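This report refers to the structure that appears directly beneath it.
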Amino acid sequence: MIFINAPIGIGKTSLTRILTKDLGTKGFYEDVENIPMLKEFYADGNKSRNDLSFALQIAFLNYRFKQLKEGLYLAEHENMVNTVYDSSLLSDSLMAFNLYKRGEFPQTMFDLYIELNQNMISDVAAHPFNGIPDLIIYLDAPFEVMLDHIKLRGREMETEDPKLVDYYRSVWETYSHWYQGYSQSSVLRIDMRKYDFVNSDSDRNAVLDLIEQRLVELGKLTQSEFEQIKAERAEKFNDPAPVAA
Numbered sequence: 001m002i003f004i005n006a007p008i009g010i011g012k013t014s015l016t017r018i019l020t021k022d023l024g025t026k027g028f029y030e031d032v033e034n035i036p037m038l039k040e041f042y043a044d045g046n047k048s049r050n051d052l053s054f055a056l057q058i059a060f061l062n063y064r065f066k067q068l069k070e071g072l073y074l075a076e077h078e079n080m081v082n083t084v085y086d087s088s089l090l091s092d093s094l095m096a097f098n099l100y101k102r103g104e105f106p107q108t109m110f111d112l113y114i115e116l117n118q119n120m121i122s123d124v125a126a127h128p129f130n131g132i133p134d135l136i137i138y139l140d141a142p143f144e145v146m147l148d149h150i151k152l153r154g155r156e157m158e159t160e161d162p163k164l165v166d167y168y169r170s171v172w173e174t175y176s177h178w179y180q181g182y183s184q185s186s187v188l189r190i191d192m193r194k195y196d197f198v199n200s201d202s203d204r205n206a207v208l209d210l211i212e213q214r215l216v217e218l219g220k221l222t223q224s225e226f227e228q229i230k231a232e233r234a235e236k237f238n239d240p241a242p243v244a245a
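Numbering (the UniProt record's numbering), first residue to last: 1 to 245.
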């Protein structure tokens, strides 16, 4: 089980697609268009965040838990151990904590949310995967890169209010502090100033090699499986484009 963890817009979904294709496994994605209240959450600054923080985080919590259960089922019944998640209960708790720090998630509701989050995690704790991922891939980028990515992907709800920059900075800081203090599972940091795995083939190969080598070290991929994946990737990369008839 692999979690991709990073602030908004850094490349979680792109890396999930790339990695699942390379590993031949299943990816779990955040379906933004079908998340209730997300547009309303962004619509009116701190007022809408304060009004909707609890309801939105509960919706995310339910959504993630369903994904987690499916991933655990695949691991147990289909031996698909390296499923990849572009968001998770962990990332949700970080977003909720950020709202709480900003005074936009009332104390009593935040306490209830944390209790529900922990209960859901403990509900799968008896499973061999115990609710904690085998690997977290942390995409680390400067705040300015985060803002550039948010603008480039062009979601209106994320860009129409210039005051959102303050909110985005607090999100970025929350993830940065998390990385500095987290120790529950293996974390692989990818420096997004160094790698552009979306647009550069060589960077993509380098990042995939880093991740898969760590999976070998964790016993989640054998060395022979890793070599086979690399060989297949190299073959695809070197295949000439078909000539049009």
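Note that the Cβ used here is the ideal one computed from N, Cα and C, for glycine as well.
All figures in this text were calculated on a predicted structure; none of them were measured in a lab.
Look at the beta carbons and you see the stretch 186-194 not touching the stretch 97-111: under three pairs across the two are nearer than 8 angstroms.
Within the model, the alpha-carbon separation for ILE132 versus GLN184 is close to 8 angstroms. Note on geometry: alpha-carbon atoms of PHE3 and SER93 lie some 14 angstroms from one another.
Of the residues MET157, ALA206, SER200 and TYR138, the one whose Cα lies closest to the Cα of SER176 is TYR138. Judged by DSSP in its simplified three-state form, TYR138 adopts strand. By the C-beta density criterion, ARG153 is exposed, having fewer than 16 other C-beta atoms within 10 angstroms. The straight-line gap separating the alpha-carbon atoms of PRO162 and HIS77 is approximately 48 angstroms. Given a length threshold of 3 residues, each whole run of the beta strand (DSSP E) inside the stretch 145-227 is given here in chain order: 186-191. When DSSP reads this structure, ASN5 sits in a beta bridge with TYR138. The criterion of a C-beta distance shorter than 7 angstroms is satisfied by ASN5 and ILE136.
DSSP places GLY45 in the uninterrupted alpha helix (DSSP H) bounded by 45-78.
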